[in-house]
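One structure is given below, encoded as structure tokens.
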Amino acid sequence: MPALADTASSAALLVGVPEYDVLDDLPTVASNLVGLREVLTDPAVWGLPSDRCTVLAQPGHGEQILDAVQETERRATDTLLVYYAGHGLIDPHSDELLLALPKSDPERPDKALRFEFLRRAVREARARRTVVILDCCYSGRALAGRMSASDDIASHARVAGTCVLTASSENHTALAPPEETYTAFTGELITALAEGIPGAPDPIDMISLWEHLRRNLEEKSRPVPQQTSRDAGARIALARNRAAQPSVPPVPLPPSPGPSTVSPLAGHQPATHLQSPALPSPPDPAQGRVPRPQHRRHTAGRTIGEGLRPGLPAQPTRREATHDTTSGGRQGSVINGPDVVGNNMPDEVRFRRAAEAGDTDAMVKLGVLLQETGRNKGAEAWFRRAVEGREHGRHGQPRGLTAGDRPEQSGGSLVPPSRRSRQHRRHGQPPGPAGGDRPEGSGGSPVPPSRKGR
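Position 96, counted from 1, in the sequence shown is what numbering that gives the first Met the number 0 calls 95; the numbers after and before it change by one each time, with no gaps.
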């Protein structure tokens with residue numbers, strides 16, 4: 000089980016740029032800074048002292064951010080957290096990630112802070128463990144960068160563990176819906192830390208946090224976060240799990256007297272009673288599974304970096320996401336499953352992967368799990384899939400799901416294949432394009448480029 004980062008020897012720096020001269024303003028970024036600081040300093044979550052959680056809003060130039068990183072890392076020997084929210088830009092000459100400042104201009108990369116400079120500042124930190132969180136467009140470029148692996152933050156030899164968590168992949172935008180309090184990514188992050196994650200370890204480590212954010216944002220057809228970690232970085236824990244079930248110690252039953260026996264050799268020896276051993280009582284039925292928090296549906300809003308790179312598609316959902324050739328996983332997620340996840344992978348993730356591969360038993364288990372957490376529509380869809388898969392198996396047909404049969408996630412519910420696809424399969428014809436085969440983006444449709452953006 001991961002250990003919670005020591006608050007007495009850790010520090011955090013939260014940087015945000017909500018207002019711009021040329022780019023669109025992002026008022027939700029200001030809320031991000033307030034909400035994230037409150038949850039990090041909450042004694043029930045992490046309990047970081049207020050003087051160890053620095054907020055830098057509206058920095059005028061890049062040197063101000065780098066100076067703040069240097070000042071913060073001097074006070075951190077255990078864990079250093081650096082967070083940035085604002086517009087993300089791409090250098091038109093080098094294609095590297097730029098962190099926008101109030102006077103930044105897409106045509107003037109010199110007016111933004113190169114992420115490489117922030118990378119170097121964090122790499123020189125004395126803290127044993129470091130966490131970098133970026134909530135901006137194209138933030139996935141921070142995972143790959145343009146340097147060799149030996150120069151990456153997460154590969155630096157002097158740290159015991161490093162984790163980099165980004166709001167989107169390297170070529171896609173992040174969302175800042177104007178009608179919501181927080182940006183899409185940071186809003187889910189704050190909710191997860193404040194309410195906890197059912198089924199996750201206590202405290203919550205970074206791998207469990209990332210899996211939860213990825214799952215929730217995929218269900219809402221929003222940009223999918225990316226993560227990379229080195230050494231023990233995936234096991235860094237910054238929050239207690241408030242949704243974890245408390246362990247109930249067994250209550251022994253009162254001793255029950257048995258038949259008395261008297262020694263025949265002791266004329267006046269008192270009788271002794273045989274006692275049955277104390278047995279633990281069964282667990283209290285009231286201590287059931289903690290229901291998953293219900294999230295209201297969100298609508299797509301302004302993108303973080305919207306319109307700055309014409310032609311770039313919106314953040315892909317699970318069907319469109321590419322894979323990282325170095326790790327065999329999702330693009331930008333350099334996580335070796337057996338080394339990092341082990342046997343602690345959440346049940347829903349394991350069942351979902353097996354069900355999508357055609358395992359009907361896993362479909363049933365996944366349906367039961369979704370039903371227990373209040374997602375009845377998704378549960379019914381998987382139950383139907385399990386029945387159909389087993390009927391196909393009895394008739395000598397493949398048991399698994401085809402690409403056209405795999406349920407797609409749309410707004411938290413599973414969408415069954417179209418009738419047209421089923422009729423084609425019954426007559427031996429190849430299925431045509433169905434509703435689940437449409438390319439997905441933010442809100443289910445491609446995100447057109449706009450004026451300016453984050």
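We treat Cβ as the ideally placed atom computed from N, Cα and C, and that holds for glycine.
- Gln-57 carries a coil assignment under DSSP once its states are collapsed to helix, strand and coil.
- The segment 172 to 188 and the segment 121 to 128 do not touch, with fewer than three beta-carbon pairs separated by less than 8 Å.
- Contact between Pro-202 and Arg-239 holds: CB atoms are separated by about 5 Å, below the 8 Å threshold.
- Non-local beta-carbon contacts of Ala-67 in its own chain, meaning distances under 6 Å to residues more than five positions away in sequence, involve Leu-12, Leu-55 in chain order.
- Sorting Ala-166, Phe-116, Ala-111, Arg-140 by C-alpha distance to the C-alpha of Leu-133 places Ala-166 at the top.
- The closest CA to that of Glu-218, considering only Ala-231, Asp-204, Glu-187, Gln-244, is found on Glu-187.
- Contact between Asn-31 and Thr-182 holds, with the beta-carbon distance rounding to 6 Å and staying under 8 Å.
- A check of alpha carbon separations from Asp-204 across Trp-45, Ala-7, Leu-368 identifies Trp-45 as the nearest.
- Shortest Cα-Cα distance from Asp-20 to any of Gln-57, Pro-48, Arg-351 involves Gln-57.
- Per DSSP, Asp-346 is one residue of the alpha helix (DSSP H) stretching across 346 to 355.
- Scanning Val-163, Ala-242, Gln-225 for the CA closest to the CA of Thr-190 turns up Ala-242.
- Look at Ile-132 here: in three-state DSSP terms it is strand.
- Going by C-alpha positions, Gly-85 is about 9 Å away from Val-14.
- In the displayed model, Gln-370 falls within a helix according to three-state DSSP.
- About 5 Å separates the beta carbon of Val-38 from that of Ala-193, a gap short enough to meet the 8 Å contact definition.
- Proximity to Pro-1 across Glu-169, Leu-208, Ala-385 peaks at Leu-208, based on C-alpha coordinates.
- By the neighbour-count definition (other C-beta atoms within 10 Å, threshold 16), Gln-69 is an exposed residue.
- By the Cβ-count criterion, Pro-26 is exposed, with fewer than 16 other Cβ atoms from all chains shown falling within 10 Å of its own Cβ.
- Look at Thr-71 here: in three-state DSSP terms it is helix.
- The alpha carbon of Asp-104 has as its nearest neighbour, out of Phe-114, Phe-116, Pro-91, Arg-119, the alpha carbon of Pro-91.
- Excluding sequence positions up to five before and after Ala-353, its CB lies within less than 7 Å of the CB of Ala-361, all in the same chain and listed in chain order.
- The C-alpha of Ser-8 lies about 44 Å from the C-alpha of Gly-366.
- With a contact defined as Cβ atoms closer than 8 Å, Arg-128 and Ile-235 qualify at about 5 Å.
- For the pair Leu-112 and Ala-141, the Cα-to-Cα distance works out to about 13 Å.
- According to the DSSP secondary-structure assignment, Thr-165 is paired through a beta bridge with Leu-133, Gln-225.
- The shortest CA-to-CA distance from His-60 to any of Asp-24, Thr-71, Val-16 is the one to Val-16.
- Counting other Cβ atoms within 10 Å of its Cβ, Asp-109 stays below 16 and is therefore classed as exposed.
- Pro-42 counts as exposed, since fewer than 16 other beta carbons sit within 10 angstroms of its beta carbon.
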